[in-house]
Amino acid sequence: GAQMMHKSVTCDGVQRDLLPIIEGSIVQTKYGNVNTDHILFICSGAFHSSKPSDMLAELQGRLPIRVALKGLTAADFFRILTEPTHNMISQQQALLATEGVKLTFTTGAIKAIAHVAEEVNRSLESIGARRLHTILERVLGDISYSAPEKVEAAKEEGKECEYVVTEEYVQSVMAELLKKKDLSRYVL
Numbered sequence: 002g003a004q005m006m007h008k009s010v011t012c013d014g015v016q017r018d019l020l021p022i023i024e025g026s027i028v029q030t031k032y033g034n035v036n037t038d039h040i041l042f043i044c045s046g047a048f049h050s051s052k053p054s055d056m057l058a059e060l061q062g063r064l065p066i067r068v069a070l071k072g073l074t075a076a077d078f079f080r081i082l083t084e085p086t087h088n089m090i091s092q093q094q095a096l097l098a099t100e101g102v103k104l105t106f107t108t109g110a111i112k113a114i115a116h117v118a119e120e121v122n123r124s125l126e127s128i129g130a131r132r133l134h135t136i137l138e139r140v141l142g143d144i145s146y147s148a149p150e151k152v153e154a155a156k157e158e159g160k161e162c163e164y165v166v167t168e169e170y171v172q173s174v175m176a177e178l179l180k181k182k183d184l185s186r187y188v189l
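Just remember that this note's numbering sits 1 ahead of the position in the sequence shown, which is counted from 1.
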């Protein structure tokens, strides 16, 4: 069972479905037909665990260059969380702002999130930057859940509802989960 799931991309069916697209064909999309004759395909993700010999001979010839990529580091995760204009931090702030919550992250909190993402990717399965979604969801879970009541209470006191996510808060939320490696596999 586990070996079949791990090697799912090497199954002939998946490869046979990819082959006509990579070889050049006309593919129907919601935007109309696309001719794949002059498209360069770069395959990654599930292919990282496959050896060239695991693939169909036809695909081996169509994907002749193989490059091993390094896993993302905490510094990479930090950049992902802070540099893009519409990064995940600003998206979470905008989401909670719709509830009337002013959400602030300290630099230390963002670095702690990045460090946890690197650690979990290294110790469990490396899913790249997608790991940040699950960690942010975990860190902000209680805040999101209690936001309506906190906003209401703040309004009654004539104040603004504000949460400051600190490095200590991130570590307290994630510490227990990281200790339970076998459990974290299912929730991170």
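Positions of the beta carbon are idealized from the N, C-alpha and C atoms, including for glycine. A quick note: this is a predicted structure, and the numbers were derived from the prediction, not measured.
Secondary structure at residue i, three-state DSSP: helix, strand or coil?
{"i": "L57", "result": "coil"}
{"i": "Y146", "result": "helix"}
{"i": "L70", "result": "coil"}
{"i": "F78", "result": "helix"}
{"i": "K103", "result": "strand"}
{"i": "E163", "result": "strand"}
{"i": "K52", "result": "coil"}
{"i": "G25", "result": "coil"}
{"i": "K8", "result": "Here K8 scores only 48 on pLDDT, less than 50, and its place in the model is too uncertain to base an answer on."}
{"i": "D13", "result": "helix"}
{"i": "T86", "result": "coil"}
{"i": "S173", "result": "helix"}
Going by beta carbon distance, what residues of the same chain come within less than 7 angstroms of residue i, once the five residues before and after it are set aside?
{"i": "D18", "result": "none"}
{"i": "A113", "result": "E168, V171 and Q172"}
{"i": "V152", "result": "E100, G101, V102 and C162"}
{"i": "Q16", "result": "M56, L57 and L60"}
Among residues of its own chain, excluding the 5 on either side of residue i, which ones have a beta-carbon nearer than 6 angstroms to its beta-carbon?
{"i": "E81", "result": "First, the residue type needs correcting, since residue 81 is Ile and not Glu in the sequence shown. The answer, listed in chain order, is A130."}
{"i": "Q92", "result": "none"}
{"i": "L104", "result": "Q94, L97 and Y164"}
{"i": "I128", "result": "none"}
Which residue or residues does DSSP assign as beta-bridge partners of residue i?
{"i": "G33", "result": "T30"}
I'd like to know whether the C-beta atoms of residue i and residue j end up nearer to each other than 7 angstroms.
{"i": "F79", "j": "A110", "result": "no"}
{"i": "L20", "j": "E59", "result": "yes"}
{"i": "V117", "j": "M175", "result": "yes"}
{"i": "I23", "j": "R67", "result": "no"}
{"i": "T74", "j": "E119", "result": "yes"}
{"i": "N193", "j": "G72", "result": "Because the chain in this structure spans residues 2 to 189, residue 193 falls outside the shown range and cannot be described."}
{"i": "N36", "j": "I27", "result": "yes"}
Less than 8 angstroms between C-beta atoms, sequence neighbours within five positions excluded: which residues of the same chain meet that for residue i?
{"i": "V166", "result": "L104, T105, F106, T107, A110, V140, L141 and I144"}
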